[in-house]
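Engineer: Chains as they are written, first to last, in our numbering: chain A, 54 to 874; chain B, 3 to 118. Let me give you the structure first, and then I'll get to my questions.
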Amino acid sequence: MTKERLVVIGNGMAGCRAVEEVLKRDPARYDVTIFGAEPRVNYNRIMLSPVLAGEKTFDDIVINDEAWYRDNAITLHAGRAIKAVDIEGRKVIAEGGLEVGYDKLILATGSDPFRLPLPGSDLQGVVTFRDLDDVEAMVEASGKPNARAVVIGGGLLGLEAAYGLARRGMAATVVHLMDVLMERQLDESAGYLLREALAERGVETVLGAHSEEIVGRDGKVAGLKLKDGRVLPCDLLVMAVGIRPNAALAKAAGLQVNRGVIVDDAMRASDPAVFAVGECVEHRGNCYGLVAPIWDMCRVLAEALTDGEGAYAGSVLSTRLKVSGVDVFSAGKFAGGEGCEDIVFRDAARGVYKRVVIEGGKVAGAVLFGDAADGGWYFDLMRAGTDVAEIRETLIFGQAITEGLSGLDPSAAVAAMLDTQEICGCNGVCKGAITGAITTQGLTTLDDVRAVTKASASCGSCTPLVEQVIRLTLGDGFKAQAGPKPMCKCTHHPHGDVRKAIVEFELKSMPAVFQAMEWTTPDGCASCRPALNYYLLCAWPGEYVDDSQSRFINERVHANIQKDGTYSVVPRMWGGMTSPAELRAIADVADKYAIPAVKVTGGQRIDLLGVRKDDLPAVWADLNAAGMVSGHAYAKGLRTVKTCVGSDWCRFGTQDSTGLGIKLEKFMWGSWAPAKVKLAVSGCPRNCAESTCKDIGVICVDSGYEIHVGGAAGLHIQGTQLLTKVPTENEAIAVIAAVMQMYREGGWYLERIYKWMARVGLDTIRAATVDDLDSRATLYARFVVSQETAQIDPWAERATGGVAAGEFAPMATLPLEMAAK
Amino acid sequence: MTLQAHIDPHWRDVGAVTDIPERGARRVATAQGDVAVFRTGDGQVFALVDRCPHKRGPLSQGIVHGHGVTCPLHSWVIDLATGQPTGADAGKGCAPVVPVLVRDGRVLLAQPVMAD
């Protein structure tokens with residue numbers, strides 16, 4: 054009996070694997086002929102990255118060498134592209150005219166790298182990253198001294214190209230359109246960690262970057278120009294922006310083609326003798342670019358070709374990769390979605406981030422960074438649709454712990470632990486060391502145990518375990534203790550620890566804090582985000598970019614929201630002074646925008662109430678035009694400096710209290726603080742400006758200026774305490790600025806000065822701002838630096854449309870006839 | 003008129019997903035009142051009637067975190083997917099969900115149903 058003729062177009066991973074699977078099932082059935090466009094045997098394309106990085110050679114990544122083709126009697130036409138397929142005549146026509154007939158044909162033509170149609174993309178030195186020829190071109194370019202590479206595309210392929218080139222000694226920069234690297238596989242937190250890891254390995258990343266033009270010199274690439282005008286010089290430019298199924302041949306042959314070659318569940322194309330497999334395929338609307346689904350397809354195809362049964366139902370995808378020792382895994386709905394809940398685990402010391410997404414009691418996705426050992430387990434749970442409600446508590450800790458603890462309640466599990474088993478990984482404390490310390494030293498609280506043994510004293514993630522050990526050892530003698538209150542439910546760290554860590558570990562972004570302080574939510578909450586935004590702004594003035602979406606509405610739109618959703622607007626009046634011109638402008642604005650209420654405030658300002666959000670920019674523009682700026686009546690920051698008329702007018706006035714108030718306000722406006730800050734300056738001890746119930750108050754006396762701190766007249770009534778008395782106006786300003794800065798750096802978010810003072814002590818404040826002149830000077834200097842970037846009128850920025858243009862107008866207005874049914 | 007709106011007259015194109023800040027919201031004004039359209043940190047888009055079940059606070063002005071929004075008036079946390087208050091305020095009314103679709107980067111809003 055003559056064998057059937059099986060022709061395969063494509064000598065890549067899919068084509069050869071399909072043949073292997075067929076041979077495995079029925080080695081004698083077909084006469085196999087393989088055509089490959091590349092002049093070489095079948096190799097593992099995924100391993101081109103290590104070849105580029107110099108970690109492997111081509112020989113290492115060959116899957117099937119010449120002997121395999123020979124032993125299986127396969128005819129290989131390497132370096133011979135197929136020009137056409139004759140469906141009617143059941144034959145393929147190769148380059149040079151060779152025609153080969155078939156009974157069954159497999160299209161495994163793979164995909165082509167997508168080339169951005171940028172000006173200059175035809176310059177020498179612009180390459181893609183697809184086959185060995187590309188790798189050889191890149192290796193050659195990297196050999197030149199001081200060579201620089203730019204890679205367009207921050208997906209898997211682009212990052213591997215950049216990493217490989219960096220390993221070869223090139224300065225490599227990845228330019229990515231999105232704000233997150235590998236955004237199709239990673240969430241923002243993991244993307245941030247990957248970016249950091251790449252930077253450590255010499256790969257720079259530019260995110261949110263639109264490429265505009267490839268700049269050339271003498272026909273060769275010289276740099277990449279971005280839309281924002283930046284030019285990144287380079288000698289090699291790699292385009293790794295994606296792939297497209299290579300379906301041209303199938304289309305020309307008259308087969309049904311959409312994005313890829315359309316196949317049914319048996320991998321059959323629109324002609325019964327033709328099959329397709331791999332990246333060139335479109336199955337149920339999906340095209341795949343990963344290896345696992347391709348293996349699935351090959352198995353199904355082989356069944357179809359050997360009269361077996363099998364149907365391809367599409368693949369659930371997971372990605373696992375390693376960027377120089379960093380393991381990354383992602384699968385499914387890794388970024389959550391409607392009706393999903395997140396379980397997040399971070400281990401700052403090990404650089405680990407894990408997020409498991411649960412939907413309907415089942416694992417719906419996962420992203421793992423730094424430790425991907427349990428990726429396969431989560432993936433299995435996900436594909437099997439296992440109900441994980443029972444193991445939810447320990448799920449995030451992985452398979453070993455979950456299965457080790459299954460059936461045990463947590464305290465039984467702790468009781469079953471050996472004395473030599475480690476409880477606190479950070480400080481290497483075993484269970485026996487803790488129980489020993491409790492019994493010998495009579496410890497009864499978590500804090501005691503922490504102090505003596507250091508267990509749970511570092512990252513704190515073993516705190517529940519340590520508490521279990523104490524409870525087991527002492528029984529009812531255990532005193533549960535709160536300790537410092539965590540910032541919010543997203544973290545176990547209190548405000549103070551977080552502030553300290555931001556400065557000490559130079560944490561400069563919110564994802565950096567989330568990771569270092571082991572946040573348990575992906576992007577914080579309405580309680581911690583504003584706090585962190587302030588802490589970062591305070592620690593890194595001029596460097597940290599304010600995140601408006603982490604601001605409470607009043608600070609985001611620079612006006613105060615009212616119960617009906619309208620806003621109130623309070624222009625600044627320096628020291629409470631105003632003029633006929635300002636009053637006229639305010640009156641005009643109130644008329645023009647039909648503002649329903651105008652009121653005088655306790656801080657000596659005028660409040661325009663009931664302004665529609667859409668009108669805010671125009672209202673501000675008019676007030677700006679009359680010389681007025683934002684009064685920051687909405688700010689956790691400097692609000693008002695209230696004054697009396699002082700020695701200018703008052704027969705009792707001892708100093709120019711109005712003048713000092715204006716000076717203080719002009720110096721300090723715009724500064725953000727943990728909570729609102731109100732100042733007052735009174736010209737004599739009669740205290741008409743009510744200085745002694747302000748956060749910081751000055752009372753002028755004949756011999757100088759008394760500085761009072763820590764007053765409040767709101768939820769709590771609190772008189773100030775006298776900090777010091779100074780002889781000159783300048784010294785008063787210096788001390789007040791130093792107190793303000795000390796509070797800015799040490800206060801907890803929403804903690805007013807009086808509460809901060811009760812916590813740190815008046816003596817501490819006095820020592821740092823009054824007694825120690827060096828300390829006062831450095832605090833003062835830091836305040837001045839922070840004011841350099843703080844004193845920009847937010848109203849002017851928004852009134853001119855430059856900032857937050859989308860904030861005030863509705864996104865769309867649906868007219869009546871469209872909205873009505 | 004966009005193609006989508008042409009094909010399916012019940013969906014209104016109200017703008018691009020990127021018109022909504024990440025972890026933020028925008029208002030869509032309709033004849034029956036505002037609709038709040040949210041974009042979460044993981045790129046999902048949700049829409050609710052822009053009215054907190056507590057004291058009618060404009061939810062579009064709140065802080066968006068996870069799949070929730072904290073009302074700017076009294077800090078109720080509303081689940082974006084269901085419009086239901088969460089935590090201690092669970093079960094106390096809801097902000098009606100407005101069906102929303104994202105197609106080719108455009109946000110399509112179903113005709114809002116405003117229950118009074």
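Where is the CB? At the ideal position from N, CA and C, for every residue including glycine.
What is the DSSP secondary structure of residue 102(A), reduced to helix, strand or coil?
Structural biologist: Here residue 102(A) sits in helix by DSSP.
Engineer: May I ask you to list, following chain order, the residues of the stretch 30-52 of chain B that have a beta carbon less than 9 Å from some beta carbon of chain A?
Structural biologist: 30, 31, 32, 33, 34, 36, 37, 39, 42, 43, 44, 45, 46, 48, 52
Engineer: In this structure, how does DSSP classify residue 117(A) when only helix, strand and coil are distinguished?
Structural biologist: strand
Engineer: Using 9 Å as the limit for Cβ to Cβ distance, is residue 867(A) near chain B?
Structural biologist: yes
Engineer: Which residues mark the beginning and the end of the alpha helix (DSSP H) in which residue 810(A) is found?
Structural biologist: 806-813
Engineer: Does the beta carbon of residue 77(A) fall short of 8 Å from some heavy atom of the ligand NAP?
Structural biologist: The ligand NAP is absent from the structure shown, which contains no ligand whatsoever.
Engineer: Counting contacts by CB-CB distance shorter than 9 Å, is residue 86(B) in contact with chain A?
Structural biologist: no
Engineer: Can you give the Cα-Cα distance for residue 114(B) and residue 90(A), rounded to whole angstroms?
Structural biologist: Only weak support exists for where residue 114(B) lies, its pLDDT of 45 falling under 50; the coordinates are left without a value.
Engineer: Using a Cβ cut-off of 7 Å, pull out every chain B residue sitting near residue 898(A), in sequence order please.
Structural biologist: Only positions 54 to 874 of chain A appear in the structure, and residue 898(A) is not among them; the question remains open.
Engineer: For a contact meaning CB atoms closer than 8 Å, what does residue 23(B) contact in chain A?
Structural biologist: Per Cβ cutoff of 8 Å: 601, 602, 859.
Engineer: In whole angstroms, what is the alpha-carbon distance linking residue 416(A) and residue 282(A)?
Structural biologist: In a straight line, the C-alpha of residue 416(A) is about 45 Å away from that of residue 282(A).
Engineer: Thinking C-beta only, is residue 363(A) closer than 9 Å to residue 353(A)?
Structural biologist: yes
Engineer: When we look at the beta-carbon of residue 702(A) and count the other beta-carbons within 10 Å, is it buried (16 or more) or exposed?
Structural biologist: exposed
Engineer: How about residue 15(B): is its C-beta nearer than 9 Å to some C-beta of chain A?
Structural biologist: For residue 15(B), at least one C-beta of chain A is nearer than 9 Å to its own C-beta.
Engineer: As a quick exercise: from 76(A), 108(A), 83(A), 119(A), pick the residue whose alpha carbon is nearest that of residue 92(A).
Structural biologist: Answer by Cα proximity: 119(A).
Engineer: Enumerate in chain order the residues of its own chain whose CB-to-CB distance from residue 213(A) is below 7 Å, with the five nearest sequence positions on each side excluded.
Structural biologist: 102
Engineer: Can you pull the DSSP bridge partners for residue 757(A)?
Structural biologist: In the DSSP output, where bridge partners are listed per residue, residue 757(A) has 754(A).
Engineer: In the DSSP assignment, find the unbroken beta strand (DSSP E) run with residue 292(A) in it and report its ends.
Structural biologist: 289-292
Engineer: List the residues of chain A that residue 28(B) touches, going by C-beta distances under 8 Å, in chain order.
Structural biologist: 859, 863, 864
Engineer: Give the straight-line distance between the Cα atoms of residue 475(A) and residue 520(A), rounded to the nearest whole angstrom.
Structural biologist: 14 Å
Engineer: Please report the straight-line C-alpha distance between residue 263(A) and residue 279(A), rounded to a whole angstrom.
Structural biologist: Each residue's Cα considered, the two are about 6 Å apart.
Engineer: Given that residue 103(B) touches chain A, what residues does it touch there, using C-beta distances under 9 Å?
Structural biologist: Think of a sphere of 9 Å around the beta carbon of residue 103(B): no beta carbon from chain A falls inside it, the nearest being about 12 Å out.
Engineer: Nearest chain B C-beta to residue 582(A) closer than 9 Å, yes or no?
Structural biologist: yes
Engineer: Quick check: the Cα distance between residue 788(A) and residue 752(A), rounded to an integer number of angstroms?
Structural biologist: So the two alpha carbons sit approximately 14 Å from each other.
Engineer: Taking the Cβ atom as the reference point for each residue, do residue 682(A) and residue 625(A) lie within a distance shorter than 9 Å?
Structural biologist: yes
Engineer: Might you give, ordered along the chain, the residues of its own chain that have their beta carbon closer than 7 Å to the beta carbon of residue 857(A), omitting 5 neighbours on each side?
Structural biologist: 601, 851
Engineer: Does any C-beta atom of chain A lie closer than 9 Å to the C-beta of residue 100(B)?
Structural biologist: So no, residue 100(B) is outside the interface.
Engineer: Classify residue 70(A): buried if its beta carbon has 16 or more other beta carbons within 10 angstroms, exposed otherwise.
Structural biologist: Counting Cβ neighbours within 10 Å, residue 70(A) comes out buried, since at least 16 surround it.
Engineer: Which residue from 265(A), 799(A), 669(A), 756(A) puts its Cα closest to that of residue 782(A)?
Structural biologist: 756(A)
Engineer: Strictly below 9 Å CB to CB, what residues from chain B border residue 616(A)?
Structural biologist: 57, 58, 59, 75
Engineer: Measuring CB atoms only, is the stretch 241-261 of chain A touching the stretch 390-407 of chain A, in the sense that at least three cross pairs come out at less than 8 Å?
Structural biologist: Here the stretch 241-261 of chain A lies against the stretch 390-407 of chain A, with 3 or more beta-carbon pairs under 8 Å apart.
Engineer: Quick one: using the 10 Å Cβ neighbour count with 16 as the cut-off for buried, is residue 585(A) buried or exposed?
Structural biologist: Residue 585(A) should be labelled buried.
Engineer: Please list, in chain order, the chain B residues whose beta carbon lies closer than 9 Å to that of residue 578(A).
Structural biologist: Close to residue 578(A), with beta-carbon spacing below 9 Å, are these residues of chain B in chain order: 65, 67, 68, 70, 72, 79.
Engineer: So is residue 6(A) in contact with chain B if we call contact Cβ pairs under 9 Å?
Structural biologist: Nothing in the structure corresponds to residue 6(A), since chain A is present only between 54 and 874.
Engineer: Tell me, which residues are paired with residue 81(B) by DSSP?
Structural biologist: 70(B)
Engineer: Take residue 863(A) as the anchor and find which of 37(B), 14(B), 94(B) has the nearest alpha-carbon.
Structural biologist: 37(B)
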